[in-house]
Amino acid sequence: MKNISNSLILLAGGKGKRLKNSKNIPKQYINYGNSNIIELFLNNLDHNIFDIIIIVCENKYKKKYLSKLNNKFPYHNIHFTLSGKNRQESSKNGILYLERYNPKKVLIHDSARPFATNKIFKRIINNLQFNDSCIPYIKSNDLLINTNRNIYFNNKDIIQIQTPQGFKFNKIKNAHKRTKNFDAKDDGIIFSKIYLKNKLIKGEKSNIKITENNDLIFLKLNLKKDIRTGIGYDIHRINYNSNKKLTLCGVKINHKPLIGHSDADVVYHSICDAIFGSLSMRDIGYYFNNKNKKWKNANSLIFLKFAQEKISKKNYNIKNIDINIICETPKINKYIILMKKNLIKYLKIKNNQISIKATTNEKVGDIGKGKAIASQSVITIEKNDSFI
Ligand code: ZN
Numbered sequence: 002m003k004n005i006s007n008s009l010i011l012l013a014g015g016k017g018k019r020l021k022n023s024k025n026i027p028k029q030y031i032n033y034g035n036s037n038i039i040e041l042f043l044n045n046l047d048h049n050i051f052d053i054i055i056i057v058c059e060n061k062y063k064k065k066y067l068s069k070l071n072n073k074f075p076y077h078n079i080h081f082t083l084s085g086k087n088r089q090e091s092s093k094n095g096i097l098y099l100e101r102y103n104p105k106k107v108l109i110h111d112s113a114r115p116f117a118t119n120k121i122f123k124r125i126i127n128n129l130q131f132n133d134s135c136i137p138y139i140k141s142n143d144l145l146i147n148t149n150r151n152i153y154f155n156n157k158d159i160i161q162i163q164t165p166q167g168f169k170f171n172k173i174k175n176a177h178k179r180t181k182n183f184d185a186k187d188d189g190i191i192f193s194k195i196y197l198k199n200k201l202i203k204g205e206k207s208n209i210k211i212t213e214n215n216d217l218i219f220l221k222l223n224l225k226k227d228i229r230t231g232i233g234y235d236i237h238r239i240n241y242n243s244n245k246k247l248t249l250c251g252v253k254i255n256h257k258p259l260i261g262h263s264d265a266d267v268v269y270h271s272i273c274d275a276i277f278g279s280l281s282m283r284d285i286g287y288y289f290n291n292k293n294k295k296w297k298n299a300n301s302l303i304f305l306k307f308a309q310e311k312i313s314k315k316n317y318n319i320k321n322i323d324i325n326i327i328c329e330t331p332k333i334n335k336y337i338i339l340m341k342k343n344l345i346k347y348l349k350i351k352n353n354q355i356s357i358k359a360t361t362n363e364k365v366g367d368i369g370k371g372k373a374i375a376s377q378s379v380i381t382i383e384k385n386d387s388f389i
């Protein structure tokens, strides 16, 4: 067996009744985006810190919400054990599970504090070289009042205790075994009952405990946004033998049309490809094959609507879209307002989220000779935040 030095007990047995949610489950299993709070924590945890992680939880929640953790985080060595009837018992269960590995150090952490940084874990582990326990605290900047007796506390005398709390494994194991039915709210109290004094170090203000619905705002602030970008490009030749009209970005223009299987709206096509790119999908030709008679002379608005629906279905919003139209003729500027109106309507975005720029190709190549029109689009999309 690998030599186990640093271990982590993650307490996830709490019921979290103060945080209301539609599924009526403890807060540590609430999904934010694609991850619950335990997964968010493990995602940010440096896998070099701990040799083993014990998650203490109820079996029914483990089965439902945590059974795939080792697949998701193969670099963390995650084990499970059952929670007890209160925090003290859960903590002790974690320690008893760890006994067979006999680690040098154990850190005990509340799973409702997903923002504890790797820095605080490392600092506590370093402190345990010279101390038998190490517990982080913060001081309150707010006035503290006892409302029963209407007295102010001196802020200097009051500290707020946090987790992770670190201990030499044998010491905290001994303290837990000797402290029965005490219903301790943290492990520092159990340690100090036997060994009197804990080493205290400065904790992190950002390491808040998610307790009430209001606290979920911190999750929102701390999460990395899922923002994606897509690029699209298209070019079509101009048909000088046709008497039909040109369609660009859904606007009919008195100009020779473009050659294509559909209506050859080069702008809509480049937007579609930008959208498909941002969603890691295939390209426009994959969904609307130009060999398929169904799309002969088709209005490209069908393609644009299809792409827009994919964004909505995958729960993204368009942040902005930037479009280039490259041609010698026609002069695009007078059509830009009409083009924007179409995009506002069909992409369900606002005017200030759209940019349409027109340029010539300086007489270079087929575009420069007026034989073709090209368009480029870049789109940025963002995943909607949603709790279950
Ligand atoms: Zn095209």
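In my numbering, the protein residues as written are 2 to 389.
We treat Cβ as the ideally placed atom computed from N, Cα and C, and that holds for glycine.
**Message:** Which complete beta strand (DSSP E) runs does the region 69-114 hold, if anything under 3 residues is left out?
**Reply:** 79-83, 106-111
**Request:** Go ahead and pull the three-state DSSP assignment for G397.
**Result:** Look at the range of the chain in this structure, 2 to 389, and you will see that residue 397 is not part of it.
**Asked** In whole angstroms, what is the alpha-carbon distance linking L20 and N45?
**Response** 23 Å
**Asked** Cβ-heavy atom distance between Y235 and the ligand ZN below 6 Å?
**Response** In the sequence on display, residue 235 carries Asp and not Tyr. Yes, the ligand ZN has a heavy atom inside 6 Å of this Cβ.
**Limits of the beta strand (DSSP E) - the one that Y30 falls within** = Looking at the DSSP string, Y30 is not in any beta strand (DSSP E), and its letter there is neither H nor E.
**Request:** Report the option in I218, Q163, I195, Q166 whose CA atom is closest to the CA atom of H177.
**Result:** I195
**Prompt:** Do the region 206-225 and the region 336-355 make contact, defined as three or more Cβ pairs closer than 8 Å?
**Reply:** no
**Item:** Beta carbon proximity, K120 to chain E, threshold 7 Å
**Value:** Considering every chain present, this structure includes no chain E. It has just one protein chain.
**Request:** Just the C-alpha distance for K245 and D264, rounded to the nearest angstrom, thanks.
**Result:** 10 Å
**Request:** Determine the contact status of P258 and L247, defining contact as a CB-CB distance below 7 Å.
**Result:** Result yes, Cβ atoms of P258 and L247 sit closer than 7 Å.
**Message:** Rounded to the nearest angstrom, what separates I152 and L145 at their Cα positions?
**Reply:** 9 Å
**Residues near N362 in its chain [Cβ-Cβ closer than 6 Å; skip 5 each side]** = I327, I368, G369
**Asked** Is H270 near the ligand ADP, with its Cβ less than 6 Å from a heavy atom?
**Response** The ligand content of the structure shown is limited to the ligand ZN, which means the ligand ADP is not among them.
**Prompt:** Mapping DSSP to helix, strand and coil, what is K169?
**Reply:** Looking at K169 - three-state DSSP - the assignment turns out to be strand.
**Request:** Kindly indicate the opening and closing residues of the alpha helix (DSSP H) around R150.
**Result:** Unbroken run through R150: none, as it is neither H nor E.
**Item:** Candidates L108, I338, K186, Y241: closest to G251 by CA position
**Value:** The candidate whose alpha carbon is nearest that of G251 is I338.
**N-terminal and C-terminal residue of the alpha helix (DSSP H) that A393 is part of** = Residue numbering for the chain in the displayed model covers 2 to 389; residue 393 lies beyond these limits and cannot be assessed.
**Message:** I'd like to check one pair, C58 with S36: are the Cβ atoms closer than 7 Å?
**Reply:** no
**Asked** Which residue's Cα is closest to the Cα of N94: M340, I55, N298?
**Response** I55
**Prompt:** Among residues of its own chain, excluding the 5 on either side of A308, which ones have a beta-carbon nearer than 6 Å to its beta-carbon?
**Reply:** C273, I276
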